[in-house]
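Note sheet for the following structure.
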Amino acid sequence: TRIGGEVRAALAARQIVPFYQPKVCCRTGRISGFEALARWQHPTRGVLTPGYFGTAFEDPELATAIGDTLIRHVAADMRAWRDGGLDFGRVAVNVSSAEFRKPDLAGSILEVLAGYGVPTAQFELEVTETVFLGQGAESVPAVLNRLHDSGVLVTLDDFGTGFASLTHLKQFPVDHIKVDQSFVRNMEQDGDDAAIVAAVVGLGRSLGMHVTAEGVESAGQVERLRALGCDYAQGYHFAKPMAASRVPHFLRNWA
Ligand code: G
Ligand code: G
Ligand code: NA
Ligand code: MN
């Protein structure tokens, strides 16, 4: 495809990079870590979000190429931050369904982390429920178990929007769940949304998992989430995804 060719060229030109969005502990207000989100630093069009190239994540070969590039970039950034004595917490990377078709996905991730001397406990994988149903679904249990057993945190993203989620929570080594932003957006006005967020927080609690609310855009939402006992919050209220070069400054200025 046209976009496929462009993405390949962008990868070769090192124009696809991770941006980082902080996650904040609701209880302490401290930064618990960041989510890495792919961005295309286009030479003429500026910084492009996956809205322009996200279909590439559905193509197994391209998704793997982007994933490999991105995870190396993230590990290199983590290495540099560690060397600079920066306390950045944990970094989460998204992995699409198509990437699970790659043979030994777990091994290749662990190899990159080891290569950069990044502790597995500082690394987190975000997957949506679609990975349990997608092309590489049969490899998912082994990959997640191996990563989890190696100390990598496994997070179920966009929780509440897929299907059979409760079965997956039981069957797979899920450490963390993220309440989808569609439930967080109107939680102050919509009682049903607030009830769903409360229920997910309660479910996480009872299963021993931490819960992150995503798409948090107001102080009022943060207050509600804190009252509900939600562990972490992420969204434009705190910060938009930022370039790696801005992370040290951001952390030093965080109260
Ligand atoms: O980053 P937003 O800012 O636009 O991201 C849009 C979508 O693209 C989200 O669903 C997000 O999870 C996905 N996405 C962003 N970066 C990556 C990535 O590096 N890998 C995968 N698989 N998906 C990503
Ligand atoms: O699928 P995933 O949950 O990984 O994607 C997160 C998406 O949500 C990214 O596109 C990210 O840029 C976006 N995002 C992060 N915080 C906010 C927010 O507060 N509001 C909105 N509307 N989008 C957000
Ligand atoms: Na995510
Ligand atoms: Mn999400």
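The UniProt record's numbering numbers the first residue of the sequence shown as 911 and each following residue consecutively.
Every residue, glycine too, gets a C-beta built ideally from N, C-alpha and C.
Asked	Found
Would the C-beta of K1080 count as close to ligand 4, meaning under 7 Å from any of its heavy atoms?	no
For K933, which beta-bridge partners are listed by DSSP?	G943
Only counting the same chain, and skipping five residues up and downstream in sequence, which positions put a Cβ closer than 6 Å to that of S942?	K933, C935, G999, Y1142
Using the beta-carbon count (16 or more within 10 Å), is W991 buried or exposed?	buried
To which residues of the same chain is N1055 closer than 7 Å at the C-beta, ignoring the five residues directly before and after it?	P1083
Rounded to the nearest angstrom, how far is the Cβ of Q1144 from that of E1124, given a contact under 8 Å?	5 Å
Could you have a look at M1097 and say whether DSSP puts it in helix, strand or coil?	coil
Leaving aside the five residues before and after L958 along the sequence, list all residues of the same chain whose C-beta is less than 6 Å from its C-beta, in chain order.	W950, H952
Following the continuous beta strand (DSSP E) through E1124, name the residue where it begins and the one where it ends.	1120-1124
I'd like the list of long-range same chain contacts for A1052, defined as Cβ closer than 8 Å, with 5 residues on each side in sequence excluded.	A1016
Does the beta-carbon of T1145, which I'm using as the reference point, lie nearer than 7 Å to any heavy atom of ligand 2?	Checking the sequence, you will find Gly at residue 1145 rather than Thr. Indeed, a heavy atom of ligand 2 lies less than 7 Å from the Cβ.
What ranges does the beta strand (DSSP E) occupy inside the segment 1046-1115, keeping only unbroken runs of at least 3 residues that lie completely in it?	1063-1069, 1086-1089
Measure how close the beta-carbons of V1005 and L1035 come, nearest whole angstrom, since I'm counting them as under 8 Å.	6 Å
Could you tell me the boundaries of the beta strand (DSSP E) in which L1035 lies?	1033-1038
Given that a residue counts as buried once 16 or more other Cβ atoms are within 10 Å of its Cβ, and exposed if not, what is Y1146?	exposed
Could you give the C-beta distance for Y930 and A1137, rounded to a whole number, given that I count them as a contact under 8 Å?	Rounded, the Cβ-Cβ distance is 28 Å, inconsistent with contact.
Within 10 Å of its beta-carbon, does L1066 have 16 or more other beta-carbons around it, so buried, or fewer, so exposed?	buried
Are the beta-carbon atoms belonging to A973 and A1008 less than 8 Å from one another?	yes
To the nearest angstrom, report how far apart A923 and T979 are at their CA atoms.	11 Å
Among V1064, V1022, I1106, K1012, which residue has its Cα nearest to the Cα of R1045?	A small fix is needed here, since residue 1045 is Gln in this sequence, not Arg. Among V1064, V1022, I1106, K1012, the Cα nearest to that of Q1045 is on K1012.
From T1040 to G977, what does the alpha carbon distance come to, in whole angstroms?	17 Å
R982 and V1022 look like a contact to me (Cβ under 8 Å); what is the Cβ gap, rounded to whole Å?	6 Å
Under 7 Å: does the beta carbon of S1006 sit that close to some heavy atom of ligand 1?	yes
Should Q1131 go down as buried or exposed, given a rule of 16 or more other Cβ atoms within 10 Å for buried?	buried
Taking all protein chains shown into account, do 16 or more other C-beta atoms lie within 10 angstroms of the C-beta of A920, making it buried, or fewer, making it exposed?	buried
I'd like the ranges of any beta strand (DSSP E) spanning at least 3 consecutive residues and lying wholly in the segment 944-975.	956-958
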